[in-house]
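Start counting the sequence shown at 86; every next residue gets the next number (our numbering).
Worksheet: one structure, shown below.
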Amino acid sequence: MSNNIIEVSHVNKTYTRHQALTDVSIDIPQGSIYGLLGPNGAGKTTLIRIINHITAPDSGIVRFDGHQLSASDIYNIGYLPEERGLYKKMKVGEQAMFFARLKGLSKKDARRSLDQWFEKLEITSWWNKKVEELSKGMAQKIQFIITVLHNPRLLIFDEPFSGFDPINAGILKREILELRDKGATVIFSTHNMSSVEELCDDITLINNSHNILTGNVEALRKQYGANRYRITFDSASSDAHQLMQAIEPFVVSSRQSDNDKLSSSTVDFTLRSADALRPMLAAANNTVLINSFSPLMPSMDEIFISAVENSNNTTTQPPVYNEAK
């Protein structure tokens, strides 16, 4: 039996004169936090809506827990869309109960679950407030609770930290990790790459309707960081120009920056090949007083930009890098 809760196979979706998804395939493992990334208009929201059974693909198959996705599966899915939808004139508690009942909870179970969440997030005093009295972040907390209160197996969050200050964003991140640890699978769509590094196990990057990059976050960072390093050296007693000359035969690019307060300099560089590491280090060590040497891991921002630019610069569908878990 598959260990994937969602399997998207060769999905295509076209709107009027617009190809939203082109032959997209991804597998989302159970119990993981899976990042779905891409520029605006890339197709990720269309894919989210297909997985959530809001719209259907023109071709291809989506499987949920081993069977073809059906309307009944939505009771096992919690979806927090980027476009928020609370009724402003309704009271918070009344509205939360309404959505809980829509999700199939009895009145008794709904009230018990809501009381637990309101207490956990320290918002019990909001029960009789009208939604229009809440800030954007406060309303976001209510929508988060409505999304998760029926304990769905799959949670889909589209820009969940929008409107949150750093403290409340941290609280929400903690809750998402706790839900994952309790067995839920999370699909997480965001433009906040630091949150991706913090939370996601795996990612898929969609650009111009294609899946251009899929893999484990740490494996992708190592892949994109291959042969990239940083040397920090004592600039008071070492000559940066001589260092750059010494390592030039072994690198394809380099960049120097100084820290006058600490009397140190750094050089970031990319080696021509892995075999160049030892001779480069020997040349550097004979030229400057090295304080530290370390691999230079790219951020998810850098990977995102690099992958999208490479995709935009090719006329054929780019390859998918699928790293083993």
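Note that CB positions come from ideal geometry on N, CA and C, so glycine has one too.
| Item | Value |
| --- | --- |
| Paired residues, beta bridge with residue 164 - DSSP | 241 |
| Inter-stretch contact at 8 Å, needing at least 3 Cβ pairs: the segment 104 to 122 / the segment 262 to 273 | yes |
| Given residue 296 as reference, the closest of 92, 100, 128 and 89 once Cα atoms are compared | 128 |
| From 112, 143, 93 and 326, residue whose alpha carbon lies closest to that of residue 101 | 143 |
| Buried or exposed (CB count within 10 angstroms, at least 16 for buried), residue 98 | buried |
| Cross-strand partners of residue 355 (DSSP beta bridge) | 313 and 338 |
| Per DSSP, cross-strand counterpart(s) of residue 153 | 148 |
| Straight-line Cα distance separating residue 310 from residue 408 | Unreliable placement is indicated for residue 408, whose pLDDT of 40 sits below 50; no coordinate value is reported for it. |
| At least three beta-carbon pairs within less than 8 Å, the segment 169 to 181 to the segment 124 to 140 | no |
| Euclidean distance between Cα positions of residue 107 and residue 299 | 15 Å |
| The segment 216 to 226 / the segment 162 to 177 touching (three or more Cβ pairs under 8 Å) | yes |
| Cβ shell of residue 282 (< 6 Å), same chain only, five flanking positions each side left out | 385 |
| Alpha-carbon to alpha-carbon, residue 318 and residue 140 | 57 Å |
| Which listed residue (247, 255, 287 and 238) has its alpha carbon closest to that of residue 264 | 238 |
| Proximity winner among 339, 348, 368 and 330, relative to residue 381 (alpha-carbon distances) | 339 |
| Span separating the alpha-carbon of residue 135 from that of residue 251 | 31 Å |
| Span separating the alpha-carbon of residue 156 from that of residue 232 | 17 Å |
| Spatial distance of residue 303 from residue 93 (CA atoms) | 23 Å |
| Residue 176 - DSSP class collapsed to helix/strand/coil | strand |
| Exposure label - residue 410; buried when at least 16 CB within 10 Å | Low confidence applies here, because residue 410 scores a pLDDT of 37, under 50, leaving its location unreliable and the question unanswered by this model. |
| Delimiting residues of the alpha helix (DSSP H) encompassing residue 326 | 325 to 332 |
| First through last residue of the beta strand (DSSP E) which encompasses residue 121 | 118 to 122 |
| Beta-carbon proximity list for residue 167, same chain, < 6 Å, skipping 5 on both sides | 243 and 244 |
| Nearest-angstrom Cβ-Cβ length linking residue 372 and residue 327, presumed shorter than 8 Å | 5 Å |
| Residue nearest to residue 260 in terms of C-alpha spacing, selected from 305, 240 and 192 | 240 |
| Buried versus exposed, by CB contacts within 10 Å (16 or more), residue 95 | exposed |
| Cα-Cα separation, residue 354 to residue 336 | 7 Å |
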